[in-house]
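For any residue, its number in this note's numbering is found by taking its place in the sequence shown, counting from 1, and adding 2. Single-structure report; data block below.
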Amino acid sequence: MQALEQRENSIRENDMKENIGALMRMYSRYLQGKGNGLAVASCGEWIYESPVFAPSENGIFPPDTGYRQDRLVYIENGPHPVLCVYGSFPAPWQDYGLMYIGNLGDAIRSWRQTKNILFLTGAAAMLLMSFFLFQLLNIIFRPLRQISSTSAKIANGNYGSRIPVNGKDEISSVAYHFNLMAGQVETQIQQLEEAAKQKQQFIDNFSHELRIPLTAIYGYAEYIQKALISEEERYECTQFIMSECSRLQNMAYQLLDMALLNGDEMEENDCSIKELFTRSEKIMHIRAAEKGINLTYLPPQDHIIRGNMEQLLILINNLIDNAIKASRPEEEIRIWAYSEGSHIIVEVKDHGIGMTKEQTAHIKEAFYRVDKARSRTGGGAGLGLAICEKIIQIHHAKMSFTSGLGMGTTVKLSFPNCLSHHIQAI
């Protein structure tokens, strides 16, 4: 009886295996086209293996019969990696287990391709971003480099360098104000250079003006001392020495006047043009008569300007004296005043030798003389118009010249009408 039961169980088990094999073959055909397979184990042995991937041929063994949980197994089978998932059946078939075999080759290849694509895309994106970032930083820091470069140029003496200003951002604002600062520095440097040039020219001219009369004085004094001369010659020598000393004295007085004009303040009051003309005529009439020149003061209205009468008298007399030196006998010099808008105009006109445009441009410089021989003979040192320019600046006025060779010269003085503010000296 026992043998019969064993035989019956054996037959039933064989039928079970055949039925399971038939069922698995159906699924295997379905999965075979996808590269996947199935395997069934019973009592620790494979009772069915998919022809696509046989576990026994690849060293995969079913779990122990007592294992009742799923197991995930990844096996690297050369170039064909697979994923095996094993699970046990519920009772009463707990001795049976099913393993699903999935081909990971395509997935891994796809993952590797995706990884390579992502890597290459990321590398390209990083290179592209690096390029654009470099360009952006180059644009952002370009004004700073320009500021640095321009600063270096200015430090090396190129004060005309400027930074191009584009846009309205903070850096453009810095560049704009830097250009303003550079412009101010350039202007200050130019003014300092011009002032230094004028001072050097003043020193050179002053030295020249001193050297000529001192040389002449020394020569005549030595001649008197060492030579046997008559009383008449001695008188002529001493007369020349006195004349040169007088010219040096006049130059010293004029330099003193210029120094006084550089003071901090001056006394100011209401000055009548009529009184100014009257006082000037009394002084300059004799000087003009000595050269046979007609000096005509046209009666002005009683215009009032704010200033210092003594300085205004020096101004008018210097201009008239220059006109006398430039005029020939029997010629006329006219002085008149009139109102023009909010200004009082005083003009001095002669019909003398006149000046060129180049001479007119330098006429206000200290020690500059249009006709050096004539000025030296007349005792002039070329300081008269420099003093006039100082007085004009102190009175906030303007002085202009209209002249031409052989056409005479007209000097136009323009004063503000009734200045009420305190006048500061330059």
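All C-beta atoms, glycine included, are put in the ideal place defined by N, C-alpha and C. Keep in mind it's a predicted model, so treat the numbers as computed, not measured.
Run of the alpha helix (DSSP H) containing Ala157, from where it starts to where it stops: To locate residue 157, count along the sequence shown from 1; it is residue 155. Counting along the chain, the alpha helix (DSSP H) containing Ala157 begins and ends at Gly107 to Ala157.
My assumption, with CB atoms under 8 Å, is that Asn320 sits in contact with Cys390. Please give the rounded CB distance. The residue given as residue 320 occupies position 318 in the sequence shown. The residue given as residue 390 occupies position 388 in the sequence shown. Going by Cβ atoms, the distance from Asn320 to Cys390 rounds to 5 Å, so yes, they are a contact pair.
Can you tell me where the alpha helix (DSSP H) holding Thr280 begins and where it ends? Start at 1 with the first residue of the sequence shown, and residue 280 comes out as number 278. Where Thr280 is concerned, the enclosing alpha helix (DSSP H) stretches over Ile275 to Glu292.
Shortest alpha-carbon distance to Pro94 belongs to which of Ser44, Asp304 and Met101? As a position in the sequence shown, residue 94 is number 92, starting the count at 1. Of Ser44, Asp304 and Met101, the residue nearest in Cα terms is Ser44.
Bridge-paired residues (DSSP) for Lys414: Position 412 of the sequence shown, counted from the first residue, corresponds to residue 414. Looking at the DSSP assignment, Lys414 forms a beta bridge with Glu349 and Ser402.
Sequence-distant residues of the same chain with beta carbon closer than 6 Å to Arg336, five excluded per side: Sequence index remark: in the sequence shown, residue 336 carries index 334 (1-based). Within the same chain, Arg336 has close Cβ partners Thr298 and Lys351.
Exposed or buried, which one is Val187 when buried takes at least 16 other CB atoms within 10 Å? Looking up residue 187 in the sequence shown gives position 185. Result: exposed.
Pick from Asn324, Ile346, Phe143 and Arg236: whose alpha carbon is nearest that of Asp304? Locating residue 304 in the sequence shown gives position 302, where the first residue counts as 1. Nearest C-alpha to Asp304: Ile346.
Option in Ile365, Tyr98 and Pro418 with minimal Cα separation from Gly343: Walking along the sequence shown from the start, residue 343 turns up at place 341. Minimum Cα distance to Gly343 is reached at Pro418.
Using beta-carbon positions only, say whether Cys273 and Leu314 come within less than 9 Å of one another. Here residue 273 refers to the residue found at position 271 when the sequence shown is read from its first residue. Here residue 314 refers to the residue found at position 312 when the sequence shown is read from its first residue. Yes, the Cβ-Cβ distance between Cys273 and Leu314 is below 9 Å.
Please report how far the alpha carbon of Ala339 lies from the alpha carbon of Pro302, in whole angstroms. Residue numbering aside, residue 339 sits at position 337 when the sequence shown is read from its first letter. Residue numbering aside, residue 302 sits at position 300 when the sequence shown is read from its first letter. The straight-line gap from Cα to Cα measures roughly 6 Å.
So the candidates are Asn140, Lys400, Ile394 and Ile322; which of them puts its Cα closest to the Cα of Thr411? Walking along the sequence shown from the start, residue 411 turns up at place 409. Closest by alpha carbon: Ile322.
From the DSSP output, in three-state form, read off Asp171 for me. On the sequence shown, position 169 is the one that residue 171 refers to. Asp171 falls in the coil class under three-state DSSP.
Please check the pair Leu146 and Ile173, which I expect to be a contact at CB under 8 Å, by giving their CB distance rounded to whole angstroms. For the purposes of this step, residue 146 is identified with residue 144 of the sequence shown, where counting begins at 1. For the purposes of this step, residue 173 is identified with residue 171 of the sequence shown, where counting begins at 1. Correct: roughly 7 Å between the Cβ atoms.
7 Å Cβ shell around Ile285 - same chain, five flanking residues per side excluded: As a working note, residue 285 is residue 283 in the sequence shown. Contacts found: Asn319.
Reference Ile393, options Gly309, Glu349, Glu334 and Ser248, closest by Cα: The residue you call residue 393 lines up with position 391 of the sequence shown. For the residues Gly309, Glu349, Glu334 and Ser248, the minimum Cα distance to Ile393 belongs to Gly309.
Inspect the beta-carbon positions of Asn324 and Gly386 and report whether they are closer than 9 Å. Along the sequence shown, one-based indexing puts residue 324 at 322. Along the sequence shown, one-based indexing puts residue 386 at 384. Contact flag set, yes.
Of the residues Thr280, Glu277, Phe136 and Met311, the one placed nearest Glu269, counting alpha carbons only: Here residue 269 is taken as the residue at index 267 of the sequence shown, counted from 1. Minimum Cα distance to Glu269 is reached at Met311.
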